[in-house]
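Read in order, the letters of the sequence shown are residues 572 to 712 in our numbering. The C-beta atom is built at its ideal place from N, Cα and C for all residues, glycine as well. A quick note: this is a predicted structure, and the numbers were derived from the prediction, not measured.
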Amino acid sequence: MNKPWLLTATAVLGVLMLVGAGCDMSSSDDEVAESDDVSVESSSTTESAGTSSAVASTTDVTIQNFAFGPSDITVQVGDTVTWTNADLVGHTVTSDGTDTTLDSPLLSQGKSFSFTFDEVGEFAYHCTPHPNMTGTVTVTE
Ligand SMILES: [Cu+2]
572 MNKPWLLTAT
582 AVLGVLMLVG
592 AGCDMSSSDD
602 EVAESDDVSV
612 ESSSTTESAG
622 TSSAVASTTD
632 VTIQNFAFGP
642 SDITVQVGDT
652 VTWTNADLVG
662 HTVTSDGTDT
672 TLDSPLLSQG
682 KSFSFTFDEV
692 GEFAYHCTPH
702 PNMTGTVTVT
712 E
């Protein structure tokens, strides 16, 4: 009496387990894959955010009272520097000597000039109308 019932129950259980296991496996695979994707995505997002924040960050320099502020800055390769003229008088951001890296137009009040530094180096610059206005951008890895 017990045996057939057990057999049937076992068989049913076995089938259920197989089906269930199959379902579980595929669904858990999906879940694992999804959560993997999510974690990979979020970690890569974090990484790229960290990388991109290092790469794509912008440093602001205000031109005010005939001076670049701050005049000496250090950025990383890929960073952008934005100079904004707060003076009534026009200023430029112009590389020193034969360097032509920085070559802004004359910036009237409120105007900005941005440059993205793709090379390591030290970039000294000045304001063409006011050569005593100087600054340096140091670009590091
Ligand atoms: Cu100037």
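- prompt: Along the chain, which unbroken stretches of the beta strand (DSSP E) at least 3 residues long are found entirely within the segment 629 to 690?
  reply: Taken in chain order, the unbroken stretches of beta strand (DSSP E) that lie wholly in the segment 629 to 690 and span 3 residues or more are 629 to 634, 643 to 647, 651 to 656, 683 to 687.
task: Decide if Leu673 is buried, meaning its Cβ has at least 16 other Cβ atoms within 10 Å, or exposed.
output: Classified as buried, Leu673 has 16 or more neighbouring CB atoms from the shown chains inside 10 Å of its CB.
message: Cutting at 6 Å between CB atoms, please list the residues of its own chain near Leu677, excluding the five before and the five after it.
response: Result list for Leu677: Gly661, Thr663, in chain order.
query: Between Ile644 and Gln680, what straight-line distance do the alpha-carbon atoms span, to the nearest angstrom?
result: When only Cα atoms are considered, Ile644 and Gln680 end up about 22 Å apart.
- prompt: Using CA coordinates, which residue listed in Phe637, Ala627, Glu693 is at the minimum distance from Pro700?
  reply: Nearest to Pro700 by C-alpha distance, out of Phe637, Ala627, Glu693, is Phe637.
- prompt: Does ligand 1 have a heavy atom nearer than 6 Å to the CB of Pro641?
  reply: Checking the Cβ of Pro641 against ligand 1 gives no.
Residue range of the unbroken beta strand (DSSP E) whose run includes Glu693: Bounds of the beta strand (DSSP E) holding Glu693 are 692 to 697.
task: Can you grab the Cα-Cα spacing for the pair Ser675 / Thr711, in whole Å?
output: Those two C-alpha atoms are separated by around 22 Å.
query: In terms of alpha-carbon separation, which member of Thr629, Phe639, Asp658, Asp670 lies closest to Phe651?
result: Rather than Phe, the amino acid found at residue 651 in this sequence is Thr. In this structure, Thr629 is the residue among Thr629, Phe639, Asp658, Asp670 with its C-alpha nearest to the C-alpha of Thr651.
query: So is the beta-carbon of His697 under 6 Å away from any non-hydrogen atom of ligand 1?
result: Relative to ligand 1, even the nearest heavy atom lies 6 Å or more away from the CB of His697.
task: Alpha carbon to alpha carbon, how far is Asn656 from Glu693? Give it in angstroms, no decimals.
output: Computed Cα separation, rounded: 22 Å.
query: Where Thr671 and Thr707 are concerned, what is the direct C-alpha to C-alpha distance, given to the nearest angstrom?
result: When rounded, the distance between both Cα atoms is 14 Å.
- prompt: Would the beta-carbon of Pro702 be found less than 6 Å away from any heavy atom of ligand 1?
  reply: No - ligand 1 has no heavy atom lying nearer than 6 Å to the Cβ of Pro702.
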